[in-house]
Amino acid sequence: MNRQSRTYQRKYLRAPYRGQVLFSENDYVFKANSLNISEGGMLLDNVGHFPDAKSLSFMICLPHHPLFKNYNLNKILDYENEFTPHETIRFEAKMVRKIGIDSKVDGMFQSRIGVEIQDINPVDQAKISDYVDVFSSNLIYLQVLIDSINSDKNNLAKIRRVSSILGYAGHLKISYMRKIVEHDYKSLQWL
0 MNRQSRTYQR KYLRAPYRGQ VLFSENDYVF KANSLNISEG GMLLDNVGHF
50 PDAKSLSFMI CLPHHPLFKN YNLNKILDYE NEFTPHETIR FEAKMVRKIG
100 IDSKVDGMFQ SRIGVEIQDI NPVDQAKISD YVDVFSSNLI YLQVLIDSIN
150 SDKNNLAKIR RVSSILGYAG HLKISYMRKI VEHDYKSLQW L
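Sequential numbering of the sequence shown, starting at 0, is according to numbering that gives the first Met the number 0.
Below is the structure:
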């Protein structure tokens, strides 16, 4: 179902999460990449094999970034992404959607898997909610910096560093970065 024909609102706000995901069935562990996450589930990419089980055990490691809008230029530039605290989250989830994608680059068929969280500790669910809230705030801050790039001589340096920390290529042209950030901002919303 495409965005234009969707007649429902999302239950949870989602945010980009481009990290590795481990999931298991019995004694087998599988790996995938995530594209986004919410309190209700996540979208997986580069899924080699996905077992036909009702529920699987998942493990992710979410970064715990600060709110960059509260940082000055020096504090942003000094921020070391390697030392960002991470939260390990475990939950049970089931597949609710499989999306097939034909790659235009190499003609390969890839699938994306949407999983719905079935069982999660309330503390871990709160950690996901906090991640989404902080990422959303930082993404909005990045968008404001991009939109007001000429109003402050430090904005370009802030844009480059914050975008890099959030997982975007910090060296991109600002016009292209604006498109990517705007797309992710629109994807945050309960559409």
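We treat Cβ as the ideally placed atom computed from N, Cα and C, and that holds for glycine.
Ranked by how close their Cα comes to the Cα of Pro62, the residues Ser110, Glu86, Leu155, Asn73 have Glu86 in first place. Apart from the 5 residues on each side of it in sequence, Gly40 sits with its Cβ closer than 6 Å to the Cβ of Val114, Glu115, Ile116 in its chain, given in chain order. Sequence-distant Cβ neighbours of Ser147 in its own chain, meaning closer than 7 Å and more than five residues away, are Asn154. Counting other Cβ atoms within 10 Å of its Cβ, Ala14 reaches 16 or more and is therefore classed as buried.
Distances from the CA of Val143 to each of Ile98, Ile75, Tyr184 were compared; the closest alpha carbon is that of Tyr184. In the three-state reduction of the DSSP assignment, Tyr175 falls in the helix class, which pools H, G and I. In the structure shown, Pro121 adopts helical secondary structure according to DSSP, grouped into three states.
The three-state secondary structure of Glu181, taken from DSSP, is helix.
Contact between the stretch 41-61 and the stretch 22-31 is established, with three or more Cβ pairs separated by less than 8 Å.
Across the structure, Lys172 and Ala156 are spaced so that their CA atoms are roughly 13 Å apart.
By the 16-neighbour rule on beta-carbons within 10 angstroms, Ile98 is exposed. Closest in alpha carbon position to Leu42, among Ile75, Phe29, Phe82, Arg96, is Arg96. With at least 16 other beta carbons inside 10 angstroms of its own, Lys126 counts as buried.
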